[in-house]
Amino acid sequence: MTAIILQARLDSARLPGKAMLPLDNKPLLYRVMQALNHVPAGLRVLACPQDSFCVFEPLAQEAGFEIFSGPKEDVLERYCQVIKNYNIDRVIRATGDNPFVFADAAISINNEAMALNADYACFQNLPYGSGVESVLASSLLRAGRDANSLFEREHVCPHLYNNPLQFMLHRPFAPERWNYPDLRLTVDTQEDYKRAVILYAALKDTADKYSGTVIINNYLELLNSRRIKV
Numbered sequence: 723m724t725a726i727i728l729q730a731r732l733d734s735a736r737l738p739g740k741a742m743l744p745l746d747n748k749p750l751l752y753r754v755m756q757a758l759n760h761v762p763a764g765l766r767v768l769a770c771p772q773d774s775f776c777v778f779e780p781l782a783q784e785a786g787f788e789i790f791s792g793p794k795e796d797v798l799e800r801y802c803q804v805i806k807n808y809n810i811d812r813v814i815r816a817t818g819d820n821p822f823v824f825a826d827a828a829i830s831i832n833n834e835a836m837a838l839n840a841d842y843a844c845f846q847n848l849p850y851g852s853g854v855e856s857v858l859a860s861s862l863l864r865a866g867r868d869a870n871s872l873f874e875r876e877h878v879c880p881h882l883y884n885n886p887l888q889f890m891l892h893r894p895f896a897p898e899r900w901n902y903p904d905l906r907l908t909v910d911t912q913e914d915y916k917r918a919v920i921l922y923a924a925l926k927d928t929a930d931k932y933s934g935t936v937i938i939n940n941y942l943e944l945l946n947s948r949r950i951k952v
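Every number in my numbering is 722 more than the matching position in the sequence shown, counting from 1.
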């Protein structure tokens, strides 16, 4: 079974409480789950620390996600616990600060990963905050056993892509229509959030608003009109 596992936490050093900041009267984290609901998967899990569980639980239920609490700082172990609990074969890994994740790009890279049976796959040169990673669950469990550094455990996948002799990696450049590495779509700062509010409003009534091309085109129009900055 392929599962989307979305990691999120309530606290944030640079933008406190960002998961609950509103995007069109719904929390940012809900908008992330809404986008990920357009990516086919057998299971969707919001993986959070225990101190975020009670706040996030209603959002997960509304979005159709399971919710699971695990270690706060050892996010790799949190993923490993979810894998074991739900008997998952492949993970589509997403993060809670990316409300403009490209559903079509996520589908594409996951299909490529499965066709190649890659341990790890992601597109390079997507706009920052628009991508996901597709990871073989057994490889994440191996990383959970072998990864020692705090960085590897906090960021989940570095142990895989930093060991190319041990894991089969698939890291192609994004197709031209999505290849805009200088664009920033994540929400990590107050400036990011202001940009996200404007972009989400522009996309609100747009058909295919979870398409990477549609998001990029709207972003570029807002840039050209100087309503947002890169």
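Heads up, the beta-carbon is just placed ideally off N, CA and C, and yes, glycines get one too.
Distance CB(residue i)-CB(residue j) smaller than 8 Å
i      : j      : result
GLY732 : TYR801 : The identity of residue 732 in the sequence shown is Leu, whereas the question assumes Gly. For LEU732 and TYR801, no; Cβs fall outside 8 Å.
ARG766 : ILE726 : yes
VAL761 : ARG815 : no
VAL854 : VAL823 : yes
ASP914 : LEU882 : no
TYR902 : ALA825 : no
ARG716 : THR935 : Only positions 723 to 952 of the chain appear in this structure, which leaves residue 716 out of reach.
LEU728 : LEU758 : yes
ASP796 : ARG875 : yes
PHE778 : ALA730 : yes
LEU798 : ALA735 : no
LEU921 : ASN940 : yes
heavy atom of the ligand FMN below 7 Å from residue i C-beta
i      : result
LYS931 : For the structure depicted, the ligand FMN is absent and the ligand set is empty, with no information on it obtainable.
Bridge-paired residues (DSSP) for residue i
i      : result
SER856 : ILE814 and ALA843
ALA769 : GLN729 and PHE790
LYS748 : LEU745
TYR932 : For TYR932, which the question treats as bridged, DSSP gives no partner whatsoever.
TYR801 : According to DSSP, TYR801 bridges with nothing at all.
TYR941 : For TYR941, which the question treats as bridged, DSSP gives no partner whatsoever.
TYR850 : ARG906
Inter-residue Cα distance where the pair is residue i and residue j
i      : j      : result
ARG906 : ALA923 : 17 Å
LYS740 : ASP910 : 8 Å
ASN946 : ARG917 : 14 Å
ALA843 : THR724 : 14 Å
ASN747 : LEU887 : 47 Å
GLU943 : LEU872 : 40 Å
SER791 : GLN772 : 5 Å
ARG949 : VAL857 : 37 Å
ILE937 : LEU925 : 7 Å
ILE789 : MET755 : 12 Å
LYS951 : GLN846 : 22 Å
GLU834 : PRO880 : 20 Å
PHE787 : THR817 : 14 Å
TYR808 : ALA769 : 12 Å
LYS794 : MET742 : 18 Å
ALA785 : SER830 : 23 Å
LEU745 : PRO738 : 16 Å
MET890 : THR928 : 38 Å
GLN783 : LYS806 : 21 Å
VAL919 : LEU751 : 13 Å
VAL813 : ASP930 : 24 Å
PRO749 : ASP904 : 26 Å
Whole-angstrom C-beta distance between residue j and residue i, which should lie under 8 Å
i      : j      : result
ALA763 : ASP811 : Their Cβ separation, rounded to whole angstroms, is 11 Å, which puts ALA763 and ASP811 out of contact at 8 Å.
GLY851 : ASN820 : 4 Å
ALA896 : LEU848 : 5 Å
- Identify every run of the alpha helix (DSSP H) within the region 858-928, keeping only runs that are complete inside it and at least 4 residues long; order them along the chain. Runs of the alpha helix (DSSP H) lying entirely within the region 858-928, each at least 4 residues long, are 859-868, 872-877, 880-883 and 912-925 in chain order.
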